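*Asks:* Heads up: the sequence lines are chains G and V, in that order. Every position in the first sequence, counted from 1, becomes a number in our numbering once 109 is added. Every position in the second sequence, counted from 1, becomes a number in our numbering once 4 is added. Take this structure first; my questions come after.
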Amino acid sequence: MSTDVISTDALTTDVITTDTLTTDARAASLRPFGKPSLLWWVTVVALALVIGAGIAAWVVQLKGGMGVAGYNDHAFWAIYIADVITFIGVSYGGAVVSAILRLTGATWRAPLTRLAEGTAVVTVLIGTALIIPHIGNPIRLYELLTRPNLSAPVFWDFVAVSTYTFASIVFFALPLVPDMAVLHQGHEQRLGKRRATLYAKVSRGWTGAPKQRAVLAGALGLVSIMIIPLAVSVHSVLAWAFATTSRPWWHESIWAPQFVVAALYSGVALVILVLAGFRRGYHLQALITPRHFIRLGFILATFAATYIYLTFADLLPGAYVGDTGTASTFTDLLTGRLALWFWMFAVVGGLLPLLLVALPWTRNVTGMVIAATLVLPMMWLKRFLLVVGPATYDTMTHTFGSYHFTWVPIAITLAAVAAVPLLLMLLFRVVPLLSIDEIEEIEQMQEIDEMEKDLTARPDSDSGGSSAPADHDGAPVGTTTGTSHRVAGATGVLLLVALMGMLGIGTAHPASAATPQIASVNASVRTSVRTSTGAPTITIKGVEGGGKVQLTATLTGANGQPQADAPVAFFFNTTQFGTPARPVPLGLVTTDKTGVATLILGGDANHLYRPTTKGPQEFGASFTPTKADAKPITASVTVNITVARSAYNPAPPKPLAGLGKGLVVALFAIVAAIWLTLIAQIWRVRRVRLAVQEPATSTA
Amino acid sequence: MQDRTTHPEEGAASPPPAVTLKERQALSRRLLLGTLGVTAAGGALAMVSYHDDAQAATTSTVMAAMPTATAAEHAWCMVIDLRTCDGCKACTASCQKRHQLRPEQTWINVYEMKDSSGGTFNMPRPCMMCEDAPCMYICPVGANIRTDEGLVLVDTDACVGSRACMAACPYEARYFNWSDPLPQKRLPMASSPQMPVPEKGTVGKCVFCADRLPHGELPACVSGCPMGVLYIGDLVTDTAVNGQGTSVVLSDFLRANDAVRYKEELGTNPRVYYILGHGQSLGGGA
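This is the structure in structure tokens:
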């Protein structure tokens with residue numbers, strides 16, 4: 110958007126009468142529908158060129174692989190994921206600010222809502238699209254639908270983002286109905302053919318009858334309530350996509366709330382910039398006043414303060430405890446490689462905007478626009494730092510890899526930035542720039558209010574110290590939907606609780622090996638003896654019983670007498686690792702006076718080996734005479750193993766492992782309920798629009 | 005209507021007859037829609053196949069309960085005897101040759117680590133084949149497979165390239181194909197999780213040479229190690245062998261040499277055991 114310094118406007122707001130305001134709202138909304146100016150065309154073409162360059166860069170990346178974007182195995186996530194967080198984040202500003210202002214009945218919101226909600230829709234779409242360059246194999250993204258892994262945070266990200274996108278589109282689209290009706294009925298000739306057809310279709314049957322208004326207000330109130338937990342859930346799940354990995358810093362407990370506040374902070378900043386741009390471009394000074402900027406500035410300052418607090422609350426415990434990984438990452442961030450950038454963020458992106466709002470002489474449109482202009486790139490920088498710091502940290506060597514920008518990701522990021530104003534400019538060529546109906550309705554309410562109060566003049570300047578929305582005199586719009594509000598609120602809470610438990614989904618039960626329980630005792634039946642041709646001889650017998658195997662080797666010396674005190678090495682043969690069979694040593698046993706060495710497998714703590722597979726198994730014993738030139742002599746026996754015991758003991762299941770499935774079902778039920786409720790709101794408004802046939806009592 | 009909104013109980017008790025039918029219709033329509041929605045959601049739920057380990061666990065539990073079922077015959081593991089590793093990286097070289105990897109793709113990587121006395125020791129790191137593998141849970145499309153024998157493998161034909169597994173792996177064992185892979189020098193054959201052919205935009209990692217193990221052959225790194233550092237083992241049959249002809253009873257070998265698992269505290273239950281002996285510290289500090 111235009112980031113020019115905007116001169117302070119004359120404070121003409123309160124002098125303007127209701128009539129001129131109304132006319133202004135309509136006239137202003139019609140303004141973008143006229144023949145576009147040269148400046149409009151130049152802007153659109155310039156922005157389109159930037160986007161074209163971004164698409165070209167993406168094609169280059171598709172051809173060359175993600176390596177051309179500067180990625181490597183030590184920087185596996187970097188700029189694109191920071192872009193995704195930033196763009197989906199700025200979307201909340203629009204949606205949540207608009208929703209909160211609607212719910213708190215802040216009447217001053219009226220001229221801002223449409224622009225804010227439009228920004229929300231546009232940016233969430235761009236943010237979602239930015240996942241495409243982030244993914245190494247974007248052609249397979251459909252697999253998120255066809256073979257989702259229900260224990261993956263990224264899958265739930267996808268669910269949450271798409272639900273939120275749908276909700277923000279509904280939130281944007283529902284208030285269009287009365288506006289389109291007003292414009293279509295009153296100013297059809299200025300709409301042009303295609304817009305007129307669209308408006309007629311959308312607003313058919315809308316007369317502004319009280320019942321229609323009540324239903325619309327109810328639907329909007331419900332969606333306003335739903336969109337807040339939805340927005341919170343999306344950025345929480347996004348944060349958890351980081352937090353559920355094994356990187357230091359990423360799994361600090363504060364990440365989800367920090368992400369949410371970061372999103373709101375940057376979102377409000379974008380709303381300020383969008384407002385400034387459109388205000389200037391379409392001359393909306395009479396409707397969007399310095400007062401609006403200052404109030405948004407207060408909201409911005411609130412989030413700035415909260416975010417600075419969270420940033421350091423995030424860093425302090427980890428830096429204090431000093432775990433290897435966390436300490437390395439924080440050292441790198443606070444005093445090392447990334448320190449310059451981090452402190453730049455802290456000062457330029459946190460402190461300066463706060464000051465700009467706090468100081469009375471910068472608390473004006475220019476000051477707010479400058480603050481917003483500082484916040485947006487700095488919040489991107491913060492996201493980039495928190496992605497790239499831990500992502501480049503090598504958890505094996507405790508060193509850092511590096512990420513180097515190339516032109517490709519920069520071009521793609523700039524294209525995404527350019528897409529915001531371009532899409533907004535195109536969007537408001539189609540739909541009304543202002544929510545006319547809301548402006549007019551609030552004006553009427555204020556008029557009545559003022560008449561009832563016998564007209565005491567409202568304070569002229571609103572630059573007072575409160576950071577909360579100051580106007581509460583307008584009745585909340587959604588007053589008739591108390592029950593549904595509560596239901597939606599409860600749904601939101603449930604959703605949050607359920608998402609928080611997501612980590613419990615699924616656990617790996619290692620393939621367990623068989624542990625046959627055969628009680629009977631089997632003596633071995635076959636004994637084969639093989640003696641070497643040297644002077645000493647060795648024989649071996651094997652007996653199986655009770656799950657144990659007793660191997661008895663008898664050693665006869667060269668003189669034909671039993672050889673005592675000689676070490677006999679027992680082994681078994683395995684062909685598991687190829688042929689010829691490999692002898693696996695079982696241990697040394699010294700022969701007794703009768704020349705006998707006995708080894709009981711599983712018999713004592715030093716010989717843990719027991720037969721692990723049923724069927725014939727070859728055991729052996731060997732003796733190496735002490736003479737230097739003597740060759741070892743070996744005997745072997747095949748024992749038929751009837752009681753086998755796998756040596757493998759699987760690890761016990763993880764705690765909470767059983768919760769996974771129930772949680773998934775609950776989550777799906779909640780998501781389905783949200784989608785159905787949203788669809789029901791569209792349905793509701795459509796029904797009441799078409800059902801009421803009484804003559805128009807609208808204010809038009 | 006007004007009354008019904010403000011006093012619902014009154015309205016419900018005696019609704020105006022004119023409204024009743026309409027209301028009932030609306031109600032039933034809403035009910036119908038709701039029912040349809042829930043049914044659709046349930047159906048979708050039922051169709052969604054579990055690709056996570058919870059499913060695998062259930063399946064194996066069911067199978068274990070069946071009397072005729074045969075459980076896994078093997079549970080592959082590796083033992084790495086750090087006492088004899090001299091850091092020649094022959095294991096890395098033979099792995100890269102066999103799997104046609106780029107030089108920076110070190111499926112088995114030999115790290116030079118610092119020991120507690122200030123010296124260094126060499127530490128080969130293959131895939132740890134964790135029993136509770138973090139990569140399994142985090143893959144958005146379930147492209148990681150865990151075989152009955154405990155091998156964690158990547159289905160390169162499904163990998164979407166999100167690199168979430170790279171973030172999740174505490175052992176840095178995963179490598180991405182950031183550009184076109186090297187030209188394949190062997191006969192063209194279909195890629196399989198057991199013997200993956202590198203593909204641009206997908207992730208790859210050590211597979212324990214899963215295609216060799218069923219034939220009684222040793223993984224490339226094990227047979228390539230001139231020092232006999234690397235042992236391939238089977239936890240079920242309790243044996244392990246190295247490339248230099250040494251065979252051991254696995255449990256005895258691990259116990260007698262005080263073998264440890266790397267980053268045991270993370271609870272991933274890795275299937276690679278290290279034998280220390282030079283005052284190394286293993287684990288800690290993810």
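Ideal Cβ placement from N, Cα and C applies to all residues, glycine included. Note that the coordinates shown come from a computational prediction; the quantities given were computed from them, not determined experimentally.
Can you find a CB in chain G that lies within less than 8 Å of the CB of Pro182 (chain V)?
*Replies:* A quick correction: the sequence has Trp, not Pro, at residue 182 (chain V). A Cβ of chain G is located within less than 8 Å of the beta carbon of Trp182 (chain V).
*Asks:* Between the alpha carbons of Leu382 (chain G) and Pro242 (chain G), how many angstroms are there, rounded?
*Replies:* 26 Å
*Asks:* Which residues, in chain order, does the stretch 230 to 252 of chain V contribute to contact with chain G at a C-beta distance below 8 Å?
*Replies:* Ile236, Asp238, Leu239, Val240, Thr241, Asp242, Thr243, Val245, Gly249, Ser251, Val252
*Asks:* Does the structure place the stretch 170 to 178 of chain V close enough to the stretch 227 to 244 of chain V that three or more beta carbon pairs sit under 8 Å?
*Replies:* Contact fails: fewer than three Cβ-Cβ distances are below 8 Å.
*Asks:* Can you look up Thr74 (chain V) in the DSSP assignment and give me helix, strand or coil?
*Replies:* Low confidence applies to Thr74 (chain V): its pLDDT is 46, below 50, so where it sits in the model is not reliable, and the reading given next is rough at best. Coil, per DSSP.
*Asks:* So, helix, strand or coil for Ser251 (chain V), using DSSP?
*Replies:* strand
*Asks:* Is the stretch 410 to 425 of chain G in contact with the stretch 462 to 469 of chain G, if contact means three or more CB pairs nearer than 8 Å?
*Replies:* yes
*Asks:* If the cut-off is 8 Å on Cβ atoms, which residues from the stretch 174 to 201 of chain G count as contacting chain V, listed in chain order?
*Replies:* Within the stretch 174 to 201 of chain G, the residues whose Cβ lies closer than 8 Å to some Cβ of chain V are Gly174, Met175, Gly176, Val177, Tyr180, Asn181, Asp182, Phe185, Trp186, listed in chain order.
*Asks:* Could you check how far apart the C-beta atoms of Leu542 (chain G) and Phe387 (chain G) are, in whole angstroms? I think they sit under 8 Å.
*Replies:* 7 Å between Cβ atoms; contact.
*Asks:* Could you tell me which chain G residues have their CB closer than 9 Å to the CB of Cys173 (chain V), listed as they occur along the chain?
*Replies:* Thr354, Ser355, Thr504
*Asks:* Once the 5 residues before and after Lys204 (chain V) are set aside, which same chain residues still bring their CB inside 6 Å of it?
*Replies:* Asn181, Asp184
*Asks:* Please give me, in chain order, every unbroken run of the alpha helix (DSSP H) with length at least 4 that falls completely inside the stretch 457 to 532 of chain G.
*Replies:* 461 to 467, 474 to 501
*Asks:* Take Ala700 (chain G) and list the residues in its own chain whose beta-carbon comes closer than 7 Å to its own, dropping the five residues that flank it on each side.
*Replies:* Correcting the residue type first, residue 700 (chain G) is Thr in the shown sequence and not Ala. Listed in chain order, the non-local C-beta contacts of Thr700 (chain G) below 7 Å within the same chain comprise Leu664, Gln672, Ala673, Asp674, Ala675, Val677, Ala706, local neighbours out to five positions each way being set aside.
*Asks:* Using the Cβ count rule (16 or more neighbours within 10 Å means buried), how would you classify Gln298 (chain G)?
*Replies:* exposed
*Asks:* Compare the C-beta of Lys763 (chain G) against all C-beta atoms of chain V and say whether one is closer than 8 Å.
*Replies:* yes
*Asks:* At a Cβ cut of 7 Å, what residues of the stretch 206 to 220 of chain V count as close to chain G, listed as they run along the chain?
*Replies:* Thr206, Gly220
*Asks:* Tell me whether Glu269 (chain V) sits in a helix, a strand or coil according to DSSP, three-state version.
*Replies:* helix
*Asks:* From the DSSP secondary-structure annotation, give me the bridge partner or partners of Tyr277 (chain V).
*Replies:* In DSSP, Tyr277 (chain V) forms a bridge with V:Val83, V:Arg265.
*Asks:* Tell me which same chain residues have a C-beta within less than 6 Å of the C-beta of Glu727 (chain G), skipping the five on either side of it?
*Replies:* Asn682, Ser745, Thr747
*Asks:* What does a CB cutoff of less than 6 Å around Thr590 (chain G) pick up in its chain, not counting 5 residues either side in sequence?
*Replies:* Residue confidence for Thr590 (chain G) is low, a pLDDT of 43 falling below 50, so the modelled location carries little weight; the figure read from the coordinates is stated next. So the qualifying residues of the chain are Gly327, Gly330, Leu331.
*Asks:* Hey, would you say the C-beta of Gly510 (chain G) is under 7 Å away from at least one heavy atom of the ligand HEM?
*Replies:* Absent from the structure shown: the ligand HEM. Ligands present: none.
*Asks:* Under three-state DSSP, which class holds Ser362 (chain G)?
*Replies:* coil
*Asks:* Can you say whether Glu549 (chain G) is buried or exposed, counting buried as having 16 or more other CB atoms within 10 angstroms of its CB?
*Replies:* buried
*Asks:* What does Gln685 (chain G) touch in chain V if you count any residue whose Cβ is under 7 Å from its own?
*Replies:* Using a Cβ-Cβ cut-off of 7 Å, Gln685 (chain G) is close to Gly220, Asp238, Thr241, Thr243 of chain V, given in chain order.
*Asks:* From the DSSP output, which residues share a beta bridge with Glu727 (chain G)?
*Replies:* G:Thr747
*Asks:* Short check: CB of Lys178 (chain G) to CB of Thr522 (chain G), under 8 Å?
*Replies:* Strictly speaking, residue 178 (chain G) in this sequence is Ala, with Lys absent from that position. No, they are not a contact pair.
*Asks:* I'd like to know if Pro192 (chain V) contacts chain G, where contact means its C-beta is closer than 8 Å to some C-beta of that chain.
*Replies:* no
*Asks:* Taking the beta carbon of Asp90 (chain V) as the centre, do at least 16 other beta carbons fall within 10 Å, making it buried, or is it exposed?
*Replies:* exposed
*Asks:* How about Ser291 (chain V): is its C-beta nearer than 8 Å to some C-beta of chain G?
*Replies:* The displayed coordinates of chain V run from 5 to 290. Any statement about residue 291 (chain V) would go beyond what the structure contains.
*Asks:* Would you tell me roughly how many angstroms separate the C-alpha atoms of Asp159 (chain V) and Val201 (chain V), rounded to the nearest one?
*Replies:* So the alpha carbons of these two residues sit roughly 10 Å apart.
*Asks:* What residues in the stretch 371 to 390 of chain G have a beta carbon less than 8 Å from any beta carbon of chain V?
*Replies:* Per Cβ criterion, the list is empty.
*Asks:* Val797 (chain G) by DSSP, collapsed to three states: which one?
*Replies:* helix
*Asks:* Lys101 (chain V) touches chain G at which residues, Cβ-Cβ below 8 Å?
*Replies:* Residues of chain G whose Cβ lies closer than 8 Å to the Cβ of Lys101 (chain V) do not exist, since the nearest Cβ in that chain is about 19 Å away.
*Asks:* So, using beta-carbon positions, are Val145 (chain V) and Cys169 (chain V) closer together than 8 Å?
*Replies:* Cβ atoms of Val145 (chain V) and Cys169 (chain V): not closer than 8 Å.
*Asks:* Residues bridged to Phe732 (chain G) by DSSP?
*Replies:* Beta-bridge pairing by DSSP links Phe732 (chain G) to G:Ile742.
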